[in-house]
Amino acid sequence: NPEGENWRVVAPASFKRKVLEYFHDVQTAGHMGRKKTVDCVRSRFFWPQLRQEVEEYVKSCPVCQKVKADNRKLPGLLMPNQPVTPWHTLALDLMGPLPTSRHGNEYLLVVIDQFTNWTEMFLLRRATGDVIARKVEQEIFCRWRAPKRLLSDKGPQFATEKGVDVIYTSLYHPQCNWTEYMNCTIKTILRMYVHGWDKVLPRLGMALRTAIQDFTGCSPARLKLGQELFLPLDQELQENCMSRVYFILGGPSYEECLAHQLSDLYQLAKTNMEKAHAQQRGVGLQVGSLVLRRSHPISSKSKGFSAKLAQHWEGPFRVARQLSEVTYGLAHLETGEPQGTYHISNL
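Residue numbers for the sequence shown follow the numbering used here, beginning at 527 and rising by one.
The following block contains the structure:
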């Protein structure tokens, strides 16, 4: 027109779908985002509520949903799960298969008290549900006591019969399980003794239980037992030497350790929640909703498959149940078969 603007075609309702497909779906359009697609369409066509309809079309594109990365804040607010007393919440995790030891052990079961950081490790030849359940019952419940809560991705079914609340952690969301952090330390030490890793476990366990924690100033042993464990060298010292040293140096009492631990845990939880909420957004799903699940592909040269070029999302799946405000169980869309438990950040 005389003002230098391009004439635009008023598209009839029957023609809108073809316009949207041409400027978004075809290869020359490149499945661009909402803004670029709106600009391309609006520079050539006009119809009422054009922007809203184009944005909705791009937002609902199944190809874009599966391939493109989500640059928004992570979904799901941080849920506080701090224990309030020793042995209140135990985190359970399985490491392996590891190099087969001389005694035929291939797996390591790690159990950690989230309050004191007390760590128990058990060797396993097999990692079936029955074997793990029997080991936890015999070595944890019978030797110490049953906790209030058991945190695991596959909690032993018998635990509920003992009055234990089993909290299932989400797949591909290691932040849920305390043992994920301790496993990094354990794996680092085991690499130093890879040929006899099962032989060093008792001494490794003692090292973990006697190490002073940065955020409490106390060892797990002192928080759980009320006293320090004697190291081999300590046996050569005089009787009650350790208690006298604590008295001279003004070491914290058991009650002071517990009070310090509680105070630090509450402050740590508050700080972590404030930091996390600044980078997260609240999202809720309804049972029966259709969702895509974040994929975690692995490259395979023999199959000619590159993880870098794989789709970011797979599905859709149906939300079968809600386990918490941020954890959901999925089911196959056609068969209804369970597909695992996932954190909202992976949906």
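Just so it is clear, CB atoms sit at the ideal spot from N, CA and C, and this is done for glycine as well.
Check: residue i C-beta below 6 Å from any heavy atom of the ligand COA
{"i": "residue 786", "result": "This structure lacks the ligand COA; in fact it carries no ligand of any kind."}
Cβ-based neighbour list, residue i, same chain, cut-off 8 Å, excluding 5 preceding and 5 following
{"i": "residue 571", "result": "534, 535, 536, 537 and 545"}
{"i": "residue 587", "result": "550, 551 and 557"}
{"i": "residue 566", "result": "549, 555 and 558"}
{"i": "residue 819", "result": "839, 840, 841, 843, 856, 865, 868, 872 and 873"}
{"i": "residue 539", "result": "573"}
{"i": "residue 553", "result": "none"}
{"i": "residue 626", "result": "632"}
{"i": "residue 810", "result": "851"}
{"i": "residue 577", "result": "564 and 568"}
{"i": "residue 738", "result": "744 and 745"}
{"i": "residue 504", "result": "Outside the modelled stretch of the chain, which goes from 527 to 873, sits residue 504, for which no answer is possible."}
Nearest to residue i (by Cα), restricted to the options the options
{"i": "residue 675", "options": "611, 543, 753 and 586", "result": "611"}
{"i": "residue 646", "options": "656, 652, 634 and 657", "result": "634"}
{"i": "residue 736", "options": "629, 643 and 656", "result": "643"}
{"i": "residue 639", "options": "677, 848, 732 and 564", "result": "677"}
{"i": "residue 621", "options": "629, 627, 628 and 636", "result": "636"}
{"i": "residue 711", "options": "584, 727 and 820", "result": "727"}
{"i": "residue 815", "options": "619, 823 and 856", "result": "856"}
{"i": "residue 785", "options": "752, 854 and 853", "result": "752"}
{"i": "residue 561", "options": "868, 553, 547 and 580", "result": "580"}
{"i": "residue 547", "options": "589, 813 and 532", "result": "589"}
{"i": "residue 850", "options": "713, 532, 813 and 659", "result": "813"}
{"i": "residue 629", "options": "721, 739 and 618", "result": "721"}
{"i": "residue 745", "options": "659, 830 and 782", "result": "782"}
{"i": "residue 594", "options": "568, 821, 532 and 828", "result": "821"}
{"i": "residue 569", "options": "532, 578 and 585", "result": "532"}
{"i": "residue 854", "options": "564, 817 and 757", "result": "817"}
{"i": "residue 719", "options": "829, 657 and 624", "result": "624"}
Helix, strand or coil at residue i according to DSSP, with G and I counted as helix
{"i": "residue 736", "result": "helix"}
{"i": "residue 633", "result": "strand"}
{"i": "residue 711", "result": "helix"}
{"i": "residue 822", "result": "coil"}
{"i": "residue 551", "result": "coil"}
{"i": "residue 675", "result": "strand"}
{"i": "residue 655", "result": "helix"}
{"i": "residue 724", "result": "coil"}
{"i": "residue 719", "result": "coil"}
{"i": "residue 878", "result": "For the chain, the structure presents residues 527 to 873; residue 878 sits outside this window and is missing."}
{"i": "residue 563", "result": "helix"}
{"i": "residue 771", "result": "Residue confidence is low: residue 771 scores 49 on pLDDT, short of 50, so the model does not pin down where it sits. Its coordinate-derived value is still stated next. Of the three classes helix, strand and coil, the one that applies to residue 771 here is helix, per DSSP."}
{"i": "residue 852", "result": "coil"}
{"i": "residue 684", "result": "Since pLDDT at residue 684 reaches only 46, below the 50 mark, its modelled position is unreliable, and the value read off the structure follows with that caveat. The answer is helix: DSSP assigns residue 684 an H, G or I state."}
{"i": "residue 747", "result": "helix"}
{"i": "residue 845", "result": "strand"}
{"i": "residue 579", "result": "helix"}
{"i": "residue 646", "result": "strand"}
{"i": "residue 699", "result": "With a pLDDT of 49 at residue 699, under the threshold of 50, the modelled position of that residue is not reliable, and no figure is offered here."}
{"i": "residue 489", "result": "The structure shown does not extend to residue 489, since the chain is modelled only from 527 to 873, so the question has no answer here."}
{"i": "residue 535", "result": "strand"}
{"i": "residue 857", "result": "strand"}
Residues near residue i in its chain [Cβ-Cβ closer than 7 Å; skip 5 each side]
{"i": "residue 671", "result": "613"}
{"i": "residue 631", "result": "649, 650, 651 and 724"}
{"i": "residue 755", "result": "732, 735, 736 and 747"}
{"i": "residue 715", "result": "730"}
{"i": "residue 573", "result": "536, 537 and 542"}
{"i": "residue 709", "result": "619, 621 and 636"}
{"i": "residue 583", "result": "546 and 550"}
{"i": "residue 563", "result": "549, 550, 580 and 584"}
{"i": "residue 673", "result": "613, 614, 615, 616 and 690"}
{"i": "residue 653", "result": "620, 622 and 633"}
Own chain residues within Cβ distance below 6 Å of residue i, not counting five before or after
{"i": "residue 879", "result": "Because the chain in this structure spans residues 527 to 873, residue 879 falls outside the shown range and cannot be described."}
With a cut-off of 8 Å, do at least 3 Cβ pairs link the segment 859-869 to the segment 836-850?
Between the segment 859-869 and the segment 836-850 there are three or more C-beta pairs closer than 8 Å, enough to call the two in contact.
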